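Notes to accompany the following structure.
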Amino acid sequence: MSIRVPVCRTVTLILATFALLSAAWAKDFPLAVIFNSTPPPLGIYAGGPVYKEDRRAGTIAELVDSQFTEILVWSVHVDENHGLDLNMEFPLVKDGLYVGNATHPGFPGDLERLRAGGKRRITLSIGAAGSPAFSRIRNLIQSEGTGANSTLHRNFSSLKKALPAVTTIDFNDEVTYDADSMTKFAVLLADLGFKVSLCPYDVRYRSVWQDVARRVNEQRPGTIQSINLQCYGGGRSNNPSTWTFPGIPVYPGVWAKGVDASGVNRGEETTTSATRKYADWKKSSQTSGGFVWLYDEIQGKAGTFADAIVKGLQGNTFKAGLKDSFPYTTTPSSKRGDPRVRP
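Under the working numbering, think of the first position of the sequence shown as 2, with each following residue one higher.
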């Protein structure tokens, strides 16, 4: 069967295409800029592979090439001497001075490369399951306040200067839940030039997180930019539609199936089930973004997982024939160096 297109419509299409191309050429834009849509907000938590010398070259290249728009470097701890470190193995700040170059001198440059590679946010995530970080932050604020001479102010000011690519600090408090100190800490960070995201999971403390978000944005409008809602592990039953933060987007997160540093199978979602989950969340809550935990367990295949989530966020429904890309196939490494606690 042949289909005849009216001449007038054909001419109109040709002229419209020519006008579009002419506009692009006049502005010296690549044609892809015209037709590619902006990728949705999509983050991934990553630990040791971001800074470990034996893994980071491949890590940075893979993340730059992926559809992830935010890299959340996990996890910053406040040690017993009030210094800052990553995963209790990579000292960052001590006595108000950045000391990270002594251990991993390539770290600041790698974060810059990620930012230059199109990542809208480079984030440092603070805390974890069982971490005393926010208890120590509370105690410091109660004893010293948040002024220019306080430990927290000096440490995070030093961090800001040493790691200018970092845009955001992520709050992953799963121990303390003190709204007052979290609010004061977020205001301090805002005054230093950081944005803040919140990463809750326990529905019992939902009102605490809502209180923090409201109070911070009343004092420093726009500081709390997003809520990274854990919908896995202890928060597996969470749904973004039941966590309301007026004016702040809620991005649900999933735990990708992979293999940890010891060769143990981890995670909950394959690419197929992740696509289905995000398609469902798109329908029920109109969510516009999401995140993945944990890059370390899916290194080498993170881009595929990002593609699956984008597919779901675009509203594609699950099809029985859609192939599971990697239930448990990631090659483990014994040198990733992140403690085995989830965020």
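Where a beta carbon is used, it is the ideal one built from N, C-alpha and C, also for glycine.
Every value quoted in this text rests on a predicted model; they were computed, and no experiment measured them.
Exercise. Could you tell me whether the Cβ atoms of Ala275 and Ile310 are closer together than 7 angstroms?
Key: Using a Cβ distance threshold of 7 angstroms, Ala275 and Ile310 count as a contacting pair.
Self-check item: Through-space distance from Ile123 to Asp55, alpha-carbon basis
Solution: The straight-line gap from Cα to Cα measures roughly 21 angstroms.
Quiz item: Can at least three beta-carbon pairs, one atom from the stretch 129 to 137 and one from the stretch 167 to 185, be found at a separation below 8 angstroms?
Solution: Cβ pair count under 8 angstroms is three or more, so yes.
Quiz item: The beta strand (DSSP E) with Arg122 in it runs from where to where?
Solution: In the DSSP assignment, Arg122 falls within the unbroken beta strand (DSSP E) covering Arg122 to Ile127.
Self-check item: Val188 in three-state terms, based on DSSP
Solution: DSSP, reduced to helix, strand and coil, places Val188 within a helical segment of the structure shown.
Quiz prompt | Through-space distance from Leu153 to Gly110, alpha-carbon basis | solution = Between the alpha carbons of Gly110 and Leu153 lies a gap of roughly 24 angstroms.
Self-check item: Helix, strand or coil at Tyr46 [DSSP, three-state]
Solution: It is a strand residue.
Exercise. Check the DSSP bridge columns for Gln231 and list the partner residues they point to.
Key: Paired residues: Gly254.
Quiz item: Starting from Pro109 and walking both ways along the alpha helix (DSSP H), at which residues does that stretch end?
Solution: For Pro109, the enclosing alpha helix (DSSP H) begins and ends at Phe108 to Ala117.
Quiz prompt | Reduced DSSP secondary structure (H/G/I, E/B, other) of Gly291 | solution = Assigned with DSSP and collapsed to three states, Gly291 falls in strand.
Exercise. Would you kindly work out how many angstroms separate the C-alpha atoms of Phe91 and Ser289, rounded to a whole number?
Key: When rounded, the separation of the alpha-carbon atoms in Phe91 and Ser289 is 34 angstroms.
Quiz item: Could you check where the beta strand (DSSP E) with Ile138 kicks off and where it finishes?
Solution: For Ile138, there is no enclosing beta strand (DSSP E); the enclosing alpha helix (DSSP H) covers residues Ala134 to Glu145.
Quiz item: Does DSSP classify Tyr202 as helix, strand or coil?
Solution: In this structure, Tyr202 counts as coil in the three-state DSSP scheme.
Self-check item: Buried/exposed call for Asn266, threshold 16 Cβ in 10 Å
Solution: Flag for Asn266 reads exposed.
Exercise. Spell out a yes or no on whether the stretch 54 to 69 and the stretch 300 to 314 are touching, meaning 3 or more CB-CB pairs, one atom from each, closer than 8 angstroms.
Key: Contact between the stretch 54 to 69 and the stretch 300 to 314 is present, because at least three Cβ pairs lie under 8 angstroms.
Quiz item: Under 7 angstroms, do Ile127 and Val77 count as touching if we go by C-beta distance?
Solution: Their beta carbons are under 7 angstroms apart, which means Ile127 touches Val77 by this criterion.
Quiz item: How is Leu73 classed by DSSP in three states: helix, strand or coil?
Solution: In this structure, Leu73 counts as strand in the three-state DSSP scheme.
Practice problem: Have a look at Ser151 and Pro165 and give me their C-alpha separation to the nearest angstrom. | Solution: The straight-line gap separating the alpha-carbon atoms of Ser151 and Pro165 is approximately 21 angstroms.
Quiz item: According to DSSP, is Ile225 helix, strand or coil?
Solution: Secondary structure of Ile225 (DSSP, three-state): strand.
Quiz item: Which word fits Ala214, buried or exposed, when buried means at least 16 other C-beta atoms lie within 10 angstroms of its C-beta?
Solution: Ala214 should be labelled buried.
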